[in-house]
Each structure stands twice: as C-alpha cells, then as structure tokens.
Amino acid sequence: MNPTAVIIVRDMPGFETLKVDRGGGVVTVTMNRPEKKNAIDQQMTEELIEVLTEVKATEDDRVMVLTGAGGEFCSGADLTPASSRSGSGLGSMRRVSELVLAIHGQPQPTIAKVDGVAAGLGANMALGCDLIVASDRARFSEIFAKRGLTIDGGGSWLLPRLIGLHRAKELAFFADILSAEEAAEFGIVNRVVPARELDAFVDDWAARLVAGPPLSLSMTKALLNASAGMSMIDAVEREAVAQALNFSTADTAEAMLAFVQKRAPEFKGR
C-alpha cells in the first residue's frame, strides 16, 4: 500500500453504537453514544468485539484509532438503571474481559485518541491501546471506588506495569480525576496536545505507522506485550526467532534495497 495514495473513507453500516471509518490504511473506531458520553452498554461491547475481530483479520488495516464522539472519549460502563442493556453479571463481565483482551491483542498498532473524559472501563480501554494521545482538555479517572466497585477493564494488570504498583494503588484507591497534564506526569499518556491539534497529530502518527513495516511492527508489539511475564533468557530467544523471520520477508529485503538506493521503502506486509 502506498501511504501517499488518495484516502477514500468508507463507513461500515449496521452498528447502533459505533462509527467505523477506513482510509489510507487507518481504521478509526468511534464510540458513538454522545448523549451518554459514550458510556459502554452491552450493545457497544458486542459491536466493539465484532469490529476488533474484523480488523484483526483485515490485511489492509495497518493502524487502528479508537476514539469517542461528541468531544468525549468514554465515561465508562453504562450503569444507569434506565439502561435496559447494561449488564453486571459474570457473563457480561466476561464479555468485557474479551473486549479488553481483543484491544490489547490487536496485531496492528493501536492509538487511543482521547478528548474529554476517559473514566473507568473507558480509561482502561485507552490504556490497552499501544499509544495514547490526549487533548489538553482530556480527563482520566479510575472511578471504580467511587461507585463501590473494583477495578476492571484490565486496569489491575495494565496500571502497575505502566506506572508502578504504588501509583496504581493511589489512582485506584482514591479514584481522583487527573487532568491531561497530570496523566502525562503519571506516565499514562504518550502526548498531550492542544484540542485543536488532536486530530492532526493523531493523523500524522497513524500515517507514519501505516508507512512502517506491518510484520515487524506486529512482532515488536507482541514481544513488548509479552515481556512482563518472561525472563530475559526467554525474551531474547523470542527476539531471535522474530528477527530470523524478518530476514526471510520481502519487506526486510525492500528496506535494505531502499537504504542502498536512498529512497523511502514501500512495505507490503509480506
């Protein structure tokens, strides 16, 4: 795929709670319940799982951007009594677990584009993405304790690895609301940009990732994600296997040729 090609945006119809747009190798998944600050009900859970499953299997999807409509990212699970589709039983919670594992396990690089609130499950869905870019009006909270709930959405695993155990406990125990700047200080987000620049910044990062080598980026992501649970001996062995595989691909040969010819490589994911 030529990352400089004309972008044609295509929306996937048939979803009640999501908008899905594709263009130039980037698939943008927008949580679309702005009247609820994009709170996640069972319908959205099922639709997100469906989309993530499809994106995982779609070769032309080089990068996924997860965001929210109406100037908000996601206020968490929809716990309002009026929501007939909210689920709190073990079966429903295990579907939430499937959702967050699907986000974490996407083979493509993922970017959370966070504007407005990212709370509870919404915050931890963002943390499950590979990169987080927040606007200067974004707010983050592990809100669970204020609702009489325990942390979920993968937060008990993600937070200690991102910011350390004691800081993770601080966020989970007190359930404070962090500004974007405070989230950056905690090490939760990669970048904070002015709200007016958020779209352009994420578009630039996504385009750079689309122009990168899909196979090696996917393998690098898998190596980094697995690193916390293995010894260095195991890690370097996995690195060796991945690198040997890279040397057998057309993309690596193309990168070497492009270096000699002093031009940008064109990666095909093969």
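In terms of our numbering, the sequence shown is residues 4 to 273.
The beta-carbon is built from N, C-alpha and C at its ideal position, and this holds for glycine as well.
By the C-beta density criterion, F177 is exposed, having fewer than 16 other C-beta atoms within 10 angstroms. Beta-bridge annotation (DSSP): G26 is paired with V29. With fewer than 16 other CB atoms across the displayed protein chains lying within 10 angstroms of its CB, A203 is exposed.
Taking all protein chains shown into account, F250 has fewer than 16 neighbouring C-beta atoms within 10 Å of its C-beta and is therefore exposed. In the three-state reduction of the DSSP assignment, I135 falls in the strand class, which pools E and B. When DSSP assignments are scanned along the segment 64-103, the uninterrupted stretches of beta strand (DSSP E) that are 3 or more residues long and fall wholly within it turn out to be 66-71.
Judged by beta-carbon spacing, V54 lies beyond the 8 angstroms limit of A137, meaning their Cβ atoms are not closer than that value. In the three-state reduction of the DSSP assignment, S182 falls in the strand class. Note on S144: 16 or more other CB atoms within 10 angstroms of its CB, so buried under the neighbour-count rule.
Closest in alpha carbon position to A231, among A209, T56, A243 and L162, is L162.
Under the DSSP assignment, R36 falls outside any beta strand (DSSP E); it carries neither an H nor an E label. Using a C-beta cut-off of 8 angstroms, the segment 100-119 makes contact with the segment 208-225, since at least three inter-stretch Cβ pairs fall below that distance.
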